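Residue numbers (the working numbering), protein chains in the order written: chain R, 18 to 273; chain E, 10 to 260. Encoded as structure tokens, the structure appears first; notes follow it.
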Ligand SMILES: NC(=O)c1ccc[n+]([C@@H]2O[C@H](COP(=O)([O-])OP(=O)(O)OC[C@H]3O[C@@H](n4cnc5c(N)ncnc54)[C@H](O)[C@@H]3O)[C@@H](O)[C@H]2O)c1
Ligand SMILES: NC(=O)c1ccc[n+]([C@@H]2O[C@H](COP(=O)([O-])OP(=O)(O)OC[C@H]3O[C@@H](n4cnc5c(N)ncnc54)[C@H](O)[C@@H]3O)[C@@H](O)[C@H]2O)c1
């Protein structure tokens, strides 16, 4: 059976992590060839590369590699991200800068480096080339002890809308959307739970995980594959009229 | 594609436009479909669509018609997994000229109709939804005019804004009651329906040029989004709003 991403060349950053690796798998299952990148070259993918998204020169190297092998890029998934949960009083300027660099600045670098390859793909791809930026519910609503993270993820939301409008105005045929996951079972959510335990806000990991599940009205955290499926959808022709849009995949978190 | 094999859907206002495209897409993906619309059953010919489709006359603003429609679905298919609340009406009119009668009619179809559908289908959806990882799914067709206003939007704007928040209420309640029904809204921008084809050139030009993608949507592009929300691919998506407007509201 032909998958919905047959003939698609996609780049997923942070592909060694929970949501990233699930996205690589879902995209390959849907027929795409996937360049998977992370700080250390991750398992999986058609091609796996070491790539620090905060480093402009490395973005250029990844772009060159993709150009040499494919000559175009149909889908860019900016997924790499980092979080440090802390009160505002305890947040250092280094923490702030790190989250801004990985979560926000890297989005600019990624769009810039991949634009020529995405434009190339947009010329022929039904529904246009597609950029999916992974923001968070924290980019939509406030969360205590996540001020810096929220600021970095909110930046992703409006950057995505501006990019969508700009590429439409320039006639590039590249759609740009943001995805806003709720709590998802990954290393990152484990780290967040651990931090809440360390801060004395939950007695143990089990309690912290239960608190985290309760943030979703449906009473559970998401599976990485549930976010990956949304990314596949936005990358496919099924989403051909969706650009500048934000998709909450959050078990109802931001509905109430 | 057989992502929806074994599922039964009701599409209101499914005889033309976006609704008809939803019917075609859901059938393509393997679902059986009941269409509910205003025409009398004897005037409806669905022979082109095969065995898996049926029709029930359903005025969505009429509560008795809903009781009848749900009974027909149970009798014909024995289950209901997907409700696409798509029937909708609206004509632009200045506020000071709008009649209370037309206001009520618009609210009745667009907002009462969505409420009644959710209310009367909920039990059957919850029962059928237990068979799927992602549960049953209600997809309410709002509009980008449920997010932003246009002059002369009047009752249409008000009703579509109502659909947006009604959707979230339903999502939260079903979650709280542990009923396996996800509820989401879809917000199309301008769409090339039969109505659009008949619009004056000036209006068509406005719709096209005010949409960042520089064109209006095809009905199939809305249907594809509905099919995604109906499927297990959207299993963590509830109380959410999907904007399908070519960038209009990103401005
Ligand atoms: N897990 C959640 O609950 C959740 C919720 C909302 C949003 N998100 C977002 O989803 C995305 C993926 O997160 P995840 O939950 O899979 O976390 P994860 O920690 O499992 O994966 C994140 C990956 O990003 C990589 N990364 C970090 N800094 C990088 C850098 N400078 N360059 C390249 N790669 C880098 C990490 O090595 C890691 O593999 C992130 O953007 C995160 O903010 C996660
Ligand atoms: N066309 C657009 O540009 C556009 C944009 C955004 C949202 N929408 C929404 O999409 C939905 C479908 O619109 P469309 O453009 O396909 O409209 P349409 O007029 O082409 O079709 C609407 C269908 O609903 C049926 N209907 C009307 N009143 C009904 C009632 N009381 N009970 C049952 N069926 C009824 C009609 O008979 C018709 O078959 C509507 O909710 C509309 O508000 C349309």
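Ideal placement from N, C-alpha and C gives every residue a C-beta, glycine not left out. As the structure is a computational prediction, the values presented were derived from the model and not from experiment.
Between E:57, E:93, E:50, E:27, which lies nearest to residue 17 of chain E when the distance is taken from Cα to Cα? It is E:93 whose Cα lies nearest to the Cα of residue 17 of chain E.
Within 7 angstroms: the Cβ of residue 68 of chain R and any heavy atom of ligand 1? For residue 68 of chain R, the CB falls within less than 7 angstroms of some heavy atom of ligand 1.
In whole angstroms, what separates the C-alpha of residue 157 of chain E from that of residue 220 of chain R? Spanning the alpha carbons of residue 157 of chain E and residue 220 of chain R requires a straight line of approximately 45 angstroms.
Just list the residues that DSSP pairs residue 92 of chain R with in beta bridges. Partner(s): R:27, R:147.
Starting from the Cα of residue 179 of chain E, find the closest Cα among E:211, E:166, E:146, E:196 and give me that residue. It is E:146.
When the distance is taken between beta carbons, is residue 156 of chain R closer than 8 angstroms to residue 267 of chain R? No, these two residues do not count as a Cβ contact at 8 angstroms.
In whole angstroms, what separates the C-alpha of residue 79 of chain E from that of residue 206 of chain E? If I take the Cα positions, the gap works out to 34 angstroms.
Going by C-alpha distance, which of E:209, E:47, E:201 is nearest residue 20 of chain E? For the residues E:209, E:47, E:201, the minimum Cα distance to residue 20 of chain E belongs to E:47.
Indicate, with yes or no, if ligand 1 has a heavy atom lying under 7 angstroms from the CB of residue 56 of chain R. Result yes, Cβ under 7 angstroms from ligand 1.
CA-to-CA distance, residue 225 of chain E to residue 177 of chain R, given in whole angstroms: Their backbone Cα atoms lie some 21 angstroms apart in a straight line.
If we cut at 8 angstroms on Cβ distances, does residue 234 of chain R have a partner in chain E? Interface residue, yes.
If I follow the unbroken beta strand (DSSP E) through residue 54 of chain R, where does it start and stop? 50-55 is the extent of the beta strand (DSSP E) around residue 54 of chain R.
Residue interval of the beta strand (DSSP E) (run including residue 21 of chain E): Boundaries of the beta strand (DSSP E) harbouring residue 21 of chain E: 17-21, taken from the DSSP string.
Could you tell me whether the region 157-174 of chain E touches the region 211-231 of chain E, where touching means 3 or more Cβ pairs closer than 8 angstroms? As far as the Cβ criterion goes, the region 157-174 of chain E does not touch the region 211-231 of chain E, which means the pair count is below three.
Is the region 237-254 of chain E touching the region 135-145 of chain E, taking contact as three or more C-beta pairs under 8 angstroms? Enough Cβ pairs lie closer than 8 angstroms, so yes.
For ligand 1, is there any heavy atom lying closer than 7 angstroms to the beta carbon of residue 206 of chain R? Within the cutoff, so yes.
So, are the CB atoms of residue 145 of chain R and residue 83 of chain R less than 8 angstroms apart? No, the Cβ-Cβ distance between residue 145 of chain R and residue 83 of chain R is not below 8 angstroms.
In chain order, what residues of the region 234-251 of chain R put their CB closer than 8 angstroms to some CB of chain E? Cβ contacts with chain E: 234, 235, 236, 239, 240, 243, 244, 246, 247, 249, 250.
Any heavy atom of ligand 3 closer than 7 angstroms to the beta-carbon of residue 126 of chain E? This structure lacks ligand 3; the ligands present are ligand 1 and ligand 2.
Limits of the beta strand (DSSP E) - the one that residue 216 of chain E falls within: From DSSP, residue 216 of chain E is part of no beta strand (DSSP E) but of the alpha helix (DSSP H) over 210-219.
Host alpha helix (DSSP H) of residue 207 of chain R (start-end): Annotation for residue 207 of chain R: the continuous alpha helix (DSSP H) segment containing it runs 204-215.
Is residue 218 of chain R close to chain E? Criterion is C-beta to C-beta, closer than 8 angstroms. Nearest CB-CB separation between residue 218 of chain R and chain E: not below the 8 angstroms threshold.
According to DSSP, is residue 98 of chain E helix, strand or coil? DSSP places residue 98 of chain E in coil when its eight states are reduced to three.
Can you tell me whether residue 141 of chain R is buried or exposed? The criterion is at least 16 other CB atoms within 10 Å of its CB, across all chains shown. Per the 10 Å Cβ criterion, exposed.
Is residue 49 of chain E closer than 8 angstroms to residue 25 of chain E when the C-beta atoms are compared? Residue 49 of chain E is positioned such that its CB atom lies no closer than 8 angstroms to that of residue 25 of chain E.
Give the secondary structure of residue 113 of chain E by DSSP, where H, G and I count as helix, E and B as strand, and everything else as coil. Residue state, collapsed to three classes: helix.
Using a C-beta to C-beta distance shorter than 8 angstroms, which residues of chain R count as neighbours of residue 247 of chain E? By Cβ distance, chain R contributes 234, 235, 268, 269, 272.
The region 68-78 of chain E in contact with the region 247-265 of chain R per 3-pair CB rule at 8 angstroms: By the criterion of at least three beta-carbon pairs nearer than 8 angstroms, the region 68-78 of chain E is not in contact with the region 247-265 of chain R.
With C-beta atoms as the reference, is residue 3 of chain R less than 8 angstroms away from residue 248 of chain E? The structure shown does not extend to residue 3 of chain R, since chain R spans only 18 to 273, so no value can be given for it.
Nearest CA to the CA of residue 177 of chain E: which residue from E:163, E:13, E:195, E:14? If you compare the alpha carbons of E:163, E:13, E:195, E:14 with that of residue 177 of chain E, the shortest gap goes to E:195.
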